[in-house]
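Enquirer:
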Amino acid sequence: MTESKLPSKDNFSEWYHELLKAGEIIDVRYPVKGMCVWYPFGFAVRRNVYDLMRSLLDPDHLETQFPLLIPETEFMKEAEHIKGFEDEVYWVTHGGTSPLDIKLALRPTSETAIYPIFKLWVRSHADLPLKIYQIVNTFRYETKHTRPLIRLREITSFKEAHTVHASWEEAAEQVEAALTIYAEFYRRLAIPFLFARRPSWDKFPGSDYSIALDTVMPDGRTLQIGTAHHLGTNFATTYSITFEDEGGEQQFANQTCYGVSERCIAALISVHGDDKGLVLPWAVAPVQVVIVPILFKEKEATLEVCRNIKEKLAAAGMRVVIDEGDERPGAKFYRWEMKGVPIRIEIGPRDIKNGVAVLARRDGKKLTVLLGELNETIERVAADLQEGMLARAQAFLESKVKDCETAEEARAQTGAGVARVGWCGSEECGHRIEEEVGAAVLGEPWRSEETYQGSCLVCGANTEKCALLARQY
RNA sequence: GGGGCCAUAGGGUAGCCUGGUAUCCCACAGGACUGGGGGUCCUGUAACCGGCGUUCAAAUCGCCGUGGCCCCA
């Protein structure tokens, strides 16, 4: 009998859920809605992904950690921010059986935990810029349908950075620096995305403006996989974050914050995976090379050769395992493909006699390699696989974005992709567009080299502005 | 925000209408033969979401809770 296969990726929702389990990323059986368990294998992917994030942030940021609980008195200070989050906050109301005098919020995000302390840390222009980040869990009482890694009540892996600057312009530059970091992060994960400046009604509560990164999922809906916010002096005013400038005057500080959550891993899985399972980029694959010995005669001699090869590859810094289990080779092939291992090496008595190994790539190609040339070949193949993944993903994303002239056209396009339409930029026309098309305004393209010439879908005014529309996760 | 559907071993399921011994596949454990793309046979492990109610008797009927899925706004 054959093991049950993954549903086809064309049936994205089923495929995604099945793959999270079969690929041992997430166990969804924890008995609280919207809260999931990382399998050790999934957690290893997570660790590699977040190590990559750390390596990009550490040159210019300091990692830290703030408490999970936020006193109601601090949480309730920033009016606009509260409005954005109050319906989704979990509250701790008791210590043991005694009611607390001041309720404690489980952070839905950490501005209100961090900024009272920033007030103490920031005294002078010499303390600026201040740039910190933390990787923590946050809680949101989602009332909509939850989805593993995508819409959760416990976000387990929220990387949030918070910076403080002397001027609005410097903070704006920091927003761009953050976007550059995120662009590099996703380039290394081979995940293409769109930058969009979120419309005023969908920006971060309490920000001057918000830039988001959206990727396109296999079913054509978009997934927000990163955001950067210019907070202006909004929070600094509320929390009295001031500094003494060179002239001895007290000034309110300008701030930014920017974040990425485990949605980056949802994207990683969804963008690259195929009908055989996970496809992981070399940089973050917990197992980069699996050696499958073909054992039916001369077992010890075959294993001996495999162990020598593993040592040589490991010495070059590769993450290698030998699958010595007594399953049939075919069963092992399927299992490791499900786990997204980029390169498989098969070695049997026949190969040993010829001084070669069979190298199978996760994209399906097979080649025979001289044992002495394995290291260099693997390095070359790893780079080639990465390039292929990015090219395929980029082509997919581009195929999913189209210009539309009418609301009907845009409605059809957003059924399975992103529509670009003319938009005069007014909030009124923006809402009308959302209604008529039945999709959300992601915002105006940001950092786009393309220019736009057209007319507003609603009022018909000539405009050089456009809006990206999509159905969102 | 409004409406609908569902819950049986680790996963997927049959049984429920018409109340009485829980089916099959995969997985898992042990053994034998096997071995370059999901092997075969034998033996075994393992389940009715929780509470309350109706009943001689509840997986099955009713109510509440919890969890999951879908549709509409």
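Quick note on our numbering: the first sequence kicks off at 543 and runs consecutively. A virtual CB, placed ideally from N, CA and C, is assigned to each residue, including glycine.
1. I need the boundaries of the alpha helix (DSSP H) containing I811, first residue and last residue.
2. Applying the 10 Å Cβ sphere with the 16-neighbour rule, what's the burial state of H636?
3. Starting from the C-beta of V817, find all residues in its chain whose C-beta is less than 7 Å away, skip the five residues before and the five after it, and write them out in chain order.
4. Measure the alpha-carbon distance for V664 versus R740 and round it to whole angstroms.
5. Can you give the beta carbon distance from Q792 to T784, rounded, assuming they're within the 8 Å contact cut?
6. Roughly how many whole angstroms lie between the Cα atoms of T956 and E846?
7. Look at the Cβ atom of E616, then the Cβ atom of T654, and state whether they are nearer than 8 Å.
8. Give me whichever residues DSSP pairs with R665 in a beta bridge.
9. Does the Cβ of D750 have 16 or more other Cβ atoms within 10 Å, making it buried, or fewer, making it exposed?
10. With DSSP collapsed to three states, give me the class of A770.
11. In terms of residues, what are the limits of the beta strand (DSSP E) holding S752?
12. Let me check understanding here. Comparing Cα to Cα, which of N776, L810 and K1007 lies closest to Q766?
13. Decide if M543 is buried, meaning its Cβ has at least 16 other Cβ atoms within 10 Å, or exposed.
14. Tell me, which residues are paired with Q1014 by DSSP?
15. Taking only runs that begin and end inside the region 916-984, name each unbroken beta strand (DSSP E) of 3 or more residues, in chain order.
16. Can you give the Cα-Cα distance for A795 and A720, rounded to whole angstroms?
17. How long is the line joining the alpha carbons of I889 and L913, rounded to whole angstroms?
18. Report the residue ranges of all alpha helix (DSSP H) runs contained in full by the region 702-745; include only those spanning at least 4 residues, in chain order.
19. Can you round the beta-carbon distance between Y510 and H771 to whole angstroms, since I take them to be within the 8 Å contact cut?
20. Which residue's Cα is closest to the Cα of E566: K908, V960, R877 and V963?
21. Please name the residue in V834, D669 and Y657 whose C-alpha comes closest to that of N776.
22. Roughly how many angstroms lie between the CA atoms of I887 and R861, to the nearest whole one?
23. Excluding five sequence neighbours on each side, which residues of the same chain lie with their C-beta closer than 7 Å to the C-beta of L610?
24. In chain order, what residues of the same chain lie with their CB nearer than 8 Å to the CB of F583, ignoring the 5 residues before and after it?
25. What did DSSP end up calling N590 once you bin it into helix, strand or coil?
26. Run through the DSSP bridge pairs and tell me what I674 is partnered with.
27. Tell me which same chain residues have a C-beta within less than 8 Å of the C-beta of M577, skipping the five on either side of it?
28. So is V579 buried or exposed if we call it buried at 16+ other beta carbons inside 10 Å?
29. Less than 7 Å between the CB of P760 and some heavy atom of the ligand ZN, yes or no?
30. On a Cα-Cα basis, can you pick out the residue from L984, S990 and C998 that is closest to S752?
31. When the Cα atoms are used, what is the spatial distance from L736 to L755?
32. Taking C-alpha atoms, which residue in I975, G790 and G768 lies nearest to S666?
33. Tell me the rounded alpha-carbon separation between Q676 and R689.
34. What's the gap between the Cα of N896 and the Cα of I733?
35. Round the Cβ separation of D963 and L1011 to the nearest angstrom and send it over; I've been treating them as touching at under 8 Å.
36. Going by alpha carbons, who is nearest to A902 out of V831, V863 and R934?
Expert: Per the coordinate set shown:
1. In the first sequence, the residue the question calls residue 811 occupies position 269. R805 to H814 is the span of the alpha helix (DSSP H), which, as asked, contains I811.
2. Translated into the one-based positions of the first sequence, residue 636 becomes position 94. Exposed, since its Cβ has fewer than 16 Cβ neighbours within 10 Å.
3. The sequence position of residue 817 within the first sequence is 275, counting from 1. The sequence shown places Asp at residue 817, rather than the Val named in the question. The answer, listed in chain order, is L548, S550 and K551.
4. For the purposes of this step, residue 664 is taken as residue 122 along the first sequence, with counting starting at 1. For the purposes of this step, residue 740 is taken as residue 198 along the first sequence, with counting starting at 1. Going from the Cα of V664 to the Cα of R740 covers about 30 Å.
5. Within the first sequence, residue 792 is the residue found at index 250, counting from 1. Within the first sequence, residue 784 is the residue found at index 242, counting from 1. Confirmed, about 5 Å.
6. Here residue 956 corresponds to residue number 414 of the first sequence, with the count starting at 1. Here residue 846 corresponds to residue number 304 of the first sequence, with the count starting at 1. Roughly 56 Å between the two C-alpha positions.
7. The count along the first sequence starts at 1 and reaches residue 616 at position 74. The count along the first sequence starts at 1 and reaches residue 654 at position 112. Result yes, Cβ atoms of E616 and T654 sit closer than 8 Å.
8. For the purposes of this step, residue 665 is identified with residue 123 of the first sequence, where counting begins at 1. Looking at the DSSP assignment, R665 forms no beta bridge with any residue, so it has no partner.
9. Reading the first sequence from its first residue, position 208 is the one you call residue 750. D750 should be labelled buried.
10. Indexing the first sequence from 1 puts residue 770 at position 228. A770: strand per DSSP, three-state reduction.
11. The residue you call residue 752 lines up with position 210 of the first sequence. From DSSP, the beta strand (DSSP E) with S752 extends over Y751 to V758.
12. Translated into the one-based positions of the first sequence, residue 766 becomes position 224. Nearest of N776, L810 and K1007 to Q766, Cα basis: L810.
13. On the first sequence, position 1 is the one that residue 543 refers to. Note that M543 scores 34 on pLDDT, short of 50, meaning its location in the model is unreliable; the coordinates nonetheless yield the value given after this. It is exposed - the Cβ of M543 has fewer than 16 other Cβ atoms within 10 Å.
14. Taking the first residue of the first sequence as position 1, residue 1014 is located at position 472. Per DSSP, T764.
15. 943-945 and 960-964
16. On the first sequence, residue 795 is found 253 positions in, with the first residue counted as 1. On the first sequence, residue 720 is found 178 positions in, with the first residue counted as 1. A795 and A720: Cα-Cα distance of roughly 18 Å.
17. Stepping through the first sequence from its first residue, residue 889 is reached at position 347. Stepping through the first sequence from its first residue, residue 913 is reached at position 371. Going by the C-alpha atoms only, they are around 10 Å apart.
18. 710-730
19. An answer regarding residue 510 cannot be provided, because it is not within the stretch 543 to 1015 covered by the chain.
20. Counting from 1 along the first sequence, the entry for residue 566 is found at position 24. It is R877 whose Cα lies nearest to the Cα of E566.
21. In the first sequence, the residue the question calls residue 776 occupies position 234. Looking at the Cα atoms, Y657 is the closest of the given residues.
22. Reading the first sequence from its first residue, position 345 is the one you call residue 887. Reading the first sequence from its first residue, position 319 is the one you call residue 861. About 13 Å.
23. Reading the first sequence from its first residue, position 68 is the one you call residue 610. Hits under 7 Å: L648 and R649.
24. Taking the first sequence and counting its residues from 1, the one referred to as residue 583 is at position 41. Closer than 8 Å at Cβ, skipping near neighbours: G565, E566, I567, P828 and K881.
25. Indexing the first sequence from 1 puts residue 590 at position 48. If DSSP states are grouped into helix, strand and coil, N590 belongs with the helices.
26. For the purposes of this step, residue 674 is taken as the residue at position 132 of the first sequence. In the DSSP output, where bridge partners are listed per residue, I674 has L604 and H704.
27. The residue given as residue 577 occupies position 35 in the first sequence. For M577, where only same-chain residues beyond five positions count, the Cβ hits under 8 Å are L694, R695 and E696.
28. On the first sequence, residue 579 is found 37 positions in, with the first residue counted as 1. The residue is exposed, with fewer than 16 neighbouring Cβ atoms inside 10 Å.
29. Here there are no bound small molecules, and the ligand ZN is not part of this structure.
30. The count along the first sequence starts at 1 and reaches residue 752 at position 210. Taking only the C-alpha atoms, the option nearest S752 is L984.
31. Here residue 736 corresponds to residue number 194 of the first sequence, with the count starting at 1. Here residue 755 corresponds to residue number 213 of the first sequence, with the count starting at 1. Computed Cα separation, rounded: 6 Å.
32. Taking the first sequence and counting its residues from 1, the one referred to as residue 666 is at position 124. The shortest C-alpha separation from S666 is found at G790.
33. In the first sequence, residue 676 corresponds to position 134, counting from 1. In the first sequence, residue 689 corresponds to position 147, counting from 1. C-alpha separation (whole angstroms): 24 Å.
34. Here residue 896 corresponds to residue number 354 of the first sequence, with the count starting at 1. Here residue 733 corresponds to residue number 191 of the first sequence, with the count starting at 1. Straight-line Cα distance between these residues: approximately 40 Å.
35. Position 421 of the first sequence, counted from the start, is the residue given in the question as residue 963. Position 469 of the first sequence, counted from the start, is the residue given in the question as residue 1011. The sequence shown places Val at residue 963, rather than the Asp named in the question. Going by Cβ atoms, the distance from V963 to L1011 rounds to 6 Å, so yes, they are a contact pair.
36. Translated into positions along the first sequence, residue 902 becomes position 360. Answer by Cα proximity: V831.
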